[in-house]
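*Asks:*
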Amino acid sequence: MFDAAANSLGTIGEGILSYPGGIAAAKGEILVSDSRNGRIVGFDAQGNVTRMLGQGLLSAPRGLAAMPDGSLLVADPGLHAIVQLGADGSLRGRFAEGVLPYDVASDGSTQIYVADAAASEIAVLSLDVFWVRVPKELH
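Counting in our numbering, the sequence shown runs from 96 upward without gaps.
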């Protein structure tokens with residue numbers, strides 16, 4: 096954490112996180128993928144743990160994308176899927192199964208962009224489960 100002059104304000108997650116692989120900010124909370132512990136940890140601005148999500152549902156979470164409805168998209172290469180967790184941490188769905196997702200982003204609506212490490216491409220998926228692949232010639 097840094098102030099306006101780029102001075103460090105400290106760290107968060109020390110002793111709690113093991114291999115943090117992704118980060119997203121949503122509704123006053125900092126969400127961090129705790130890859131080796133198979134969970135997402137939420138922190139407030141002071142670095143206090145606010146909640147833990149995905150325990151027992153995730154394998155090795157990495158990239159995160161916070162959605163406007165409060166849900167969270169998680170790129171989980173251990174599961175070879177994008178997992179959508181509800182704001183309450185419940186499993187809403189699994190998408191893009193069979194890819195090796197390392198990161199995920201969203202347009203805030205229905206389009207999801209997936210960094211597929213196995214295919215060396217960015218795949219586009221809509222939440223209605225329609226795949227669109229980026230052609231290799233556009234790489």
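Glycine included, each C-beta is placed from N, C-alpha and C at the ideal position.
(1) Can you tell me which of the three DSSP states S130 falls into?
(2) For G173 versus L153, is the C-beta distance shorter than 9 Å?
(3) I'd like the span of the beta strand (DSSP E) that includes I207, first residue to last.
(4) Going straight from the alpha carbon of S103 to that of R131, what length do you get?
(5) Taking the alpha carbon of E216 as the reference point, which residue from Q206, Y197 and S204 has its own alpha carbon closest?
(6) Could you name each continuous alpha helix (DSSP H) segment of 4 residues or more that falls completely within the segment 134-200, going from the start of the chain to the end?
(7) Do you know how far the Cα of S221 is from the Cα of V227?
(8) Starting from I217, trace the beta strand (DSSP E) in both directions and tell me its first and last residue.
*Replies:* In this structure, then:
(1) helix
(2) yes
(3) Q206 to D211
(4) 26 Å
(5) Y197
(6) none
(7) Annotation note: pLDDT 41 at V227 (below 50); position unreliable, no value reported.
(8) E216 to S221
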